[in-house]
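Residue numbers (this note's numbering): 42 to 223. The structure under discussion appears below in the form of structure tokens.
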Amino acid sequence: MPVTWWQCEPRRLKRDQEEVRQRFPDLEWQNEGAGGWIGHLPRWPFARPEPPGLVKAIGERGLLVAVVYGHAYPMVPPAIFPDDPQPPLIARTDQRWHVMGDGSLCLLQDDATWTGRDSVVELLLKAAGWRVEFELMRRGLIGAMTIDGIVDDDQLDHLLGQPEAGESNTTAGTDARLSDGA
Numbered sequence: 042m043p044v045t046w047w048q049c050e051p052r053r054l055k056r057d058q059e060e061v062r063q064r065f066p067d068l069e070w071q072n073e074g075a076g077g078w079i080g081h082l083p084r085w086p087f088a089r090p091e092p093p094g095l096v097k098a099i100g101e102r103g104l105l106v107a108v109v110y111g112h113a114y115p116m117v118p119p120a121i122f123p124d125d126p127q128p129p130l131i132a133r134t135d136q137r138w139h140v141m142g143d144g145s146l147c148l149l150q151d152d153a154t155w156t157g158r159d160s161v162v163e164l165l166l167k168a169a170g171w172r173v174e175f176e177l178m179r180r181g182l183i184g185a186m187t188i189d190g191i192v193d194d195d196q197l198d199h200l201l202g203q204p205e206a207g208e209s210n211t212t213a214g215t216d217a218r219l220s221d222g223a
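Dropping the structure here:
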């Protein structure tokens with residue numbers, strides 16, 4: 042019988058379960074394979090106030106995800122797959138969307154960013170922010186997702202109240218060009 046990572050790292054499993062349940066109570070632990078989490082992330086789990094227009098932009102619920110651990114966890118971060126909404130297939134070939142070829146989210150700038158001591162909560166926060174940026178991309182208000190994400194950066198918050206690019210409000214198009222570096 043194969044040994045799972047949590048049999049080798051029971052304290053890490055306990056830590057992950059405590060941290061995730063505290064921050065993301067709608068996620069449910071899954072014992073299949075190497076384990077993972079399934080459920081909705083909060084719409085806005087960040088320290089700053091929720092921007093006006095967020096509910097209109099993304100709806101009442103946050104991103105529905107499947108967090109899939111591998112047997113090399115915690116040395117290798119888990120993969121986070123967005124289920125609702127799902128990015129279009131073309132996004133897997135366009136780095137502006139921060140989606141990997143297998144459909145999981147690209148949440149780290151490079152492999153060395155994850156040390157094995159990091160909290161999975163950090164990745165879940167980035168995934169919640171990805172949902173917001175996904176909507177801004179889909180609406181044409183930004184040309185690419187930000188490099189560091191929006192967890193601690195409010196530079197895109199004002200765009201959430203804007204109409205889709207091409208609608209009557211010309212400020213939205215201007216803001217989209219500015220955030221894309223144009």
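Positions of the beta carbon are idealized from the N, C-alpha and C atoms, including for glycine.
In whole angstroms, what is the alpha-carbon distance linking residue i and residue j?
i: Ala88; j: Leu197; result: 15 Å
i: Pro66; j: Asp57; result: 12 Å
i: Glu59; j: Glu50; result: 14 Å
i: Trp171; j: Asp135; result: 15 Å
i: Trp46; j: His112; result: 5 Å
i: Trp155; j: Val161; result: 10 Å
i: Leu104; j: Val192; result: 14 Å
i: Gly181; j: Gly157; result: 36 Å
i: Met178; j: His139; result: 11 Å
i: Leu95; j: Met42; result: 47 Å
i: Arg64; j: Asp159; result: 15 Å
i: Ser220; j: Glu176; result: Per-residue confidence for Ser220 stands at a pLDDT of 37, beneath the threshold of 50, marking its modelled position as unreliable; the derived number appears in the next sentence. Approximately 14 Å, taken between the alpha carbons.
i: Lys97; j: Gly202; result: 8 Å
i: Lys55; j: Gln48; result: 11 Å
i: Gly100; j: Asp195; result: 19 Å
i: Val44; j: Asp151; result: 28 Å
Is DSSP giving residue i helix, strand or coil here?
i: Leu105; result: strand
i: Gly80; result: strand
i: Ser220; result: Unreliable positioning characterises Ser220 in this predicted model, as indicated by a pLDDT of 37, which lies under 50. A coordinate reading is not provided.
i: Leu146; result: strand
i: Ala75; result: coil
i: Phe87; result: coil
i: Glu69; result: strand
i: Ala206; result: coil
i: Pro126; result: coil
i: Ala113; result: coil
Just to check my reading of the structure: residue i and residue j have Cβ atoms closer than 8 Å, yes? What is that Cβ distance to the nearest angstrom?
i: Pro123; j: Leu149; result: That pair is no contact at about 16 Å.
i: Pro115; j: Arg53; result: 5 Å
i: Gly186; j: Glu174; result: Gly is not the amino acid found at residue 186; the sequence shown has Met there. Their Cβ separation, rounded to whole angstroms, is 4 Å, which keeps Met186 and Glu174 in contact under 8 Å.
Could you pull out every residue in the same chain whose Cβ sits closer than 8 Å to the Cβ of residue i, ignoring the five residues on either side in sequence?
i: Ile121; result: Val106, Ala107, Val108, Val109, Ser145, Leu146, Leu148, Leu164, Leu165, Ala168
i: Pro83; result: Phe65, Asp67, Gly103, Ala169
i: Arg137; result: Met178, Gly184, Ala185, Met186
Apart from the five residues just before and just after residue i, which ones in its own chain have a Cβ nearer than 7 Å to its Cβ?
i: Trp78; result: Val61, Leu68, Glu69, Trp70, Gln71, Val108
i: His131; result: Per the sequence shown, residue 131 should be read as Ile rather than His. If we look at Ile131 and ignore the five residues flanking it on each side, it has no Cβ neighbours.
i: Trp85; result: Glu91, Leu95
Residues in the same chain with beta-carbon distance under 6 Å from residue i, minus the five sequence neighbours each way, listed in chain order, please.
i: His81; result: Asp67, Arg102, Gly103, Leu105
i: Arg133; result: Val140, Gly142
i: Pro92; result: Asp198, Leu201
Residue i CB to nearest chain C CB: under 7 Å?
i: Gly100; result: The structure shown contains no chain C, having only a single protein chain.
Please give me, in chain order, every unbroken run of the alpha helix (DSSP H) with length at least 4 that falls completely inside the stretch 137-194.
Taking only runs of at least 4 residues, the alpha helix (DSSP H) segments lying wholly in the stretch 137-194 are 161-179.
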